[in-house]
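Numbering (UniProt numbering), first residue to last: 1 to 556. Each residue gets a CB set at the ideal place from its N, CA and C atoms; glycine is no exception. Just so it is clear, the structure is predicted and the values come from calculations on it, not from any experiment. Below is one structure, written out as structure tokens; the observations come after it.
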């Protein structure tokens, strides 16, 4: 009978040929004893059939030129000897009927069958992967482990061959190599390796699962093998790790899903596999990194319109508002704001849900912090139609919008201008917007490099100018007329021209402004716009030309 001597010093000194000789000695004994067993005939018949396949596999492997030089061959021979020894032991127990119980023996025989199947598969993999051709001239396992920068292909082959402890050690080395030289691992990776990694996520050993998800997380972040990871079934085990993994396992699973969920189809699959609830739970109770990754994943999911209702039903709205209020990392709060922006973009039911959970207050408070402001402003803009404007003003929306217009990023400023367009529904509100100091800030946006930003700023200004107080403020601003005249450019990409005409139309009641318009070349622009029937262009042109004529007559 052969015992497990994998870590024994004497066993380690044995060569591949020694273990091959041992296997060939044990094999006929195992076959003979297996055929003699009278109990559990069906199971032993299967075992015998597997044992009978081993001689050919031994011959194939031992005839390989690198058999004696590759440590994987030695390990394989050692494992086969252990399996044959177990077969002999169980055959003797069954023949003498000295086993403890029928169910236990049936379980042991099933385990033996599984080991034999695995051994046969490992033989095939050693030949098919071509890893033996990359002959590693190492005579022992410790010697191989001392070389952390060992052959990556050999390490990847070890994930498919042998016992869990060997796989765990290979994973350790791969994770370390990936940290130091990502390209080295990525270049050696193939679909078969991805499939094995996905299978190892369900390993019985927590350490193996943890190292596996760490490596998968690195692969997902590299975005080199997203399609293979998803097609090989990585999503369900990652979601299970979110539910019941270790702290490290949950963190790496969340980060993996964060990277993979950037594609809409994968986002739908995550929802379909029940991933929303554990992600929400991580947002509620996870540590800072896990919470940020889970919030980012939910943000990615919320970008897909047809899953938004499912997200809401799983409590995403409330948990995102809680993160806005109490999130550990600023990044988590930004993801929460983006998620709420996505959820409220077109669904009135979800808008009302955000409002009922005091989401507006949380979004406004978020604007007072140092984090990016665009997602919160966009979410508030989406909610304007679901909240009375008076309530928004009483909550302090105007000074916050003015602050964003003054110091926010270009994209945030554009969204803030858009929010002003939404709330300007009455003369009273327009006056309050002007008093909040928004008009000079909107005038500055007329010089933006973004045509869309210029359009929104001009639209907001034209709406505000219907109030006399705001009109006077625009007239006083030295930049207003030249900026608006520049927006009369008739080129197709200039989408702000119709609003610029409206603004200048309001200003044309002032002689000073008309004179300034003429001096900056408004007449030439307006002639071209009148030809293509831009609203108000012809009327404004007539006013300016009358002014030019009077000025000419006065000079004469």
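- In the structure shown, residue 70 falls within a strand segment according to DSSP collapsed to helix, strand and coil.
- For residue 501 against residue 488, the beta-carbon gap comes to about 7 Å, under 8 Å, which counts as contact.
- Sixteen is the threshold: since fewer than 16 other Cβ atoms of the shown chains lie within 10 Å of the Cβ of residue 478, the residue is exposed.
- A straight line joining the alpha-carbon of residue 246 with that of residue 32 spans about 46 Å.
- The shortest C-alpha to C-alpha distance from residue 117 to any of 521, 50, 236 is the one to 50.
- By the criterion of a C-beta distance shorter than 8 Å, residue 34 is surrounded in its chain by 44, 47, 48, 51, 87, 91, once the five residues flanking it on both sides are discounted.
- Less than 8 Å separates the beta-carbon of residue 80 from that of residue 23.
- Runs of the alpha helix (DSSP H) lying entirely within the stretch 29-105 and spanning at least 4 residues, in chain order: 41-51, 54-62, 71-96.
- The distance from the Cβ of residue 404 to that of residue 353 is about 25 Å, inconsistent with a contact at the 8 Å cut-off.
- In chain order, 159, 167, 171, 208, 209, 212 place their CB closer than 8 Å to the CB of residue 200, counting only its own chain and leaving out the 5 sequence neighbours on each side.
- Taking 8 Å as the cut-off, the beta carbon of residue 337 is found closer than this to the beta carbon of residue 363.
- Of the other Cβ atoms in all chains shown, fewer than 16 fall within 10 Å of the Cβ of residue 56; this residue is therefore exposed.
- Here residue 60 has 123, 127 as same chain residues with Cβ atoms under 8 Å from its own Cβ, once five neighbours each way along the sequence are excluded.
- The Cβ-Cβ distance between residue 319 and residue 267 does not fall below 8 Å.
- Counting only the Cα atoms, residue 306 lies some 35 Å from residue 499.
- The Cβ atoms of residue 430 and residue 464 sit closer than 8 Å to each other.
- Here the C-alpha atom of residue 514 lies approximately 10 Å from the C-alpha atom of residue 545.
- For the stretch 469-526, the full-length alpha helix (DSSP H) segments reaching 4 residues or more read 480-486, 497-507, 511-519 along the chain.
- Proximity to residue 482 across 491, 458, 226 peaks at 458, based on C-alpha coordinates.
- The criterion of a C-beta distance shorter than 8 Å is not satisfied by residue 314 and residue 345.
- DSSP places residue 204 in no alpha helix (DSSP H); its state is neither H nor E.
- Collapsing the DSSP output to three states places residue 342 in a helix.
- Under the three-state reduction of DSSP output, residue 15 falls in the coil class, being neither helix nor strand.
- With a minimum length of 3 residues, there is no unbroken run of beta strand (DSSP E) contained wholly in the stretch 340-402.
- With fewer than 16 other CB atoms across the displayed protein chains lying within 10 angstroms of its CB, residue 493 is exposed.
- Inter-residue distance for residue 74 and residue 120 is about 15 Å (C-alpha atoms, whole angstroms).
- Going by beta carbons, residue 251 and residue 218 fall outside the 8 Å limit.
- In this model, residue 486 and residue 239 are separated by some 55 Å (Cα to Cα).
- Residues of the same chain with a CB within less than 8 Å of the CB of residue 508, apart from the 5 flanking positions on each side, are 514, 517, 540, 543, 544 in chain order.
- With contacts defined by Cβ atoms closer than 8 Å, residue 418 and residue 444 do not form a contacting pair.
- Annotation for residue 245: no alpha helix (DSSP H) segment contains it, and DSSP assigns it neither H nor E.
- The Cβ atoms of residue 82 and residue 40 do not sit closer than 8 Å to each other.
- When the beta-carbon positions are compared, residue 19 and residue 78 come within less than 8 Å of each other.
- Assigned with DSSP and collapsed to three states, residue 447 falls in coil, not helix or strand.
- The DSSP-derived three-state label of residue 325 is helix.
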